[in-house]
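Remarks on the structure that follows.
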Amino acid sequence: MVIMTPSNDPFETMLRLFAQTQQEMMNDSLSRRMGSDLGRRTDDRSEYRSDRPATGPRGSNHRRHGIDTNLHVDEADDGYAVMVDLPGFERDDLAVRFEDGVLSIQGETTVATETSDGARRHSRRVAERVAVPEPVVDDEITATYHNGVLEVTLPRADDTDDSNRIDIE
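Each residue of the sequence shown is one higher than the one before, starting from 1 at the first, in the UniProt record's numbering.
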């Protein structure tokens, strides 16, 4: 006969792990809400060091600055297409930049609503960075924003493009 004690009871172990995970999630949520993001500037580049490679996971959800983004990176022979779900933003709320092989997408919007208790303001920010592993043609990068979806096309530079090549004599 096996006697189950709290130390070897698999259900007790499972409940303890669930409680521990829940506590960690609550602590993370509270730290985001209570100050870890407060006072940060959106143009502070050190804040966005979690560069995601362009060949990384596709279609994954990322939570940054309080909103979930669904970011897809598709690679083709002629370049890359980056698609980000950003509902609730206007085109003018978004900034897209490409510098040193990294695509940066930033956005911020504030919505004011009137309620019976008074006025409320909701602010939303997003910041995504995607590292592109191969050279692209900077002058031909395009971005469109329709129905809450931002699509950025980054054409790959030709291997035969010798505009930056210097022949040695």
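Beta carbons: idealized from backbone N, C-alpha and C, even for Gly.
My understanding is that residue 171 touches Leu103, with C-beta atoms under 8 angstroms, so please give their C-beta distance in whole angstroms.
-> As displayed, the chain neither begins before 1 nor continues past 169, which places residue 171 out of reach and without an answer.
Using 8 angstroms as the threshold, is the stretch 105-123 in touch with the stretch 133-141, meaning 3 or more CB pairs across them?
-> Inter-segment contact for the stretch 105-123 and the stretch 133-141 is absent: fewer than three beta-carbon pairs are separated by less than 8 angstroms.
CA-CA distance, Tyr145 and Leu94?
-> Position 145 of the sequence shown, counted from the first residue, corresponds to residue 145. Position 94 of the sequence shown, counted from the first residue, corresponds to residue 94. Going from the Cα of Tyr145 to the Cα of Leu94 covers about 9 angstroms.
DSSP three-state assignment for Glu140, whether helix, strand or coil = Position 140 of the sequence shown, counting from 1, holds the residue named residue 140. The answer is helix: DSSP assigns Glu140 an H, G or I state.
Through-space distance from Glu12 to Thr142, alpha-carbon basis = Reading the sequence shown from its first residue, position 142 is the one you call residue 142. Reading the sequence shown from its first residue, position 12 is the one you call residue 12. Roughly 55 angstroms separates the two Cα atoms.
Can you give the Cα-Cα distance for Asp44 and Arg125, rounded to whole angstroms?
-> Counted from its first residue, the sequence shown places residue 44 at position 44. Counted from its first residue, the sequence shown places residue 125 at position 125. For Asp44, the predicted model reports a pLDDT of 39, less than 50, meaning its position is unreliable; a value from the coordinates is still stated below. The C-alpha of Asp44 lies about 13 angstroms from the C-alpha of Arg125.
Could you please give the first and the last residue of the uninterrupted beta strand (DSSP E) stretch that includes Asp85?
-> For the purposes of this step, residue 85 is taken as residue 85 along the sequence shown, with counting starting at 1. First-last of the beta strand (DSSP E) with Asp85: Gly79 to Asp85.
Determine the DSSP secondary structure at Asp158, reduced to helix, strand or coil.
-> One-based indexing of the sequence shown puts residue 158 at position 158. If DSSP states are grouped into helix, strand and coil, Asp158 belongs with coil.
What three-state label does DSSP hand Glu128 in the structure shown?
-> As a position in the sequence shown, residue 128 is number 128, starting the count at 1. Of the three classes helix, strand and coil, the one that applies to Glu128 here is strand, per DSSP.
Terminal residues of the continuous beta strand (DSSP E) containing Ile168?
-> In the sequence shown, counting from the first residue as 1, residue 168 sits at position 168. It is not in any beta strand (DSSP E) - Ile168 carries neither H nor E in the DSSP assignment.
When the Cα atoms are used, what is the spatial distance from Asp158 to Phe98?
-> Your numbering for residue 158 matches position 158 in the sequence shown. Your numbering for residue 98 matches position 98 in the sequence shown. Each residue's alpha carbon lies about 18 angstroms from the other.
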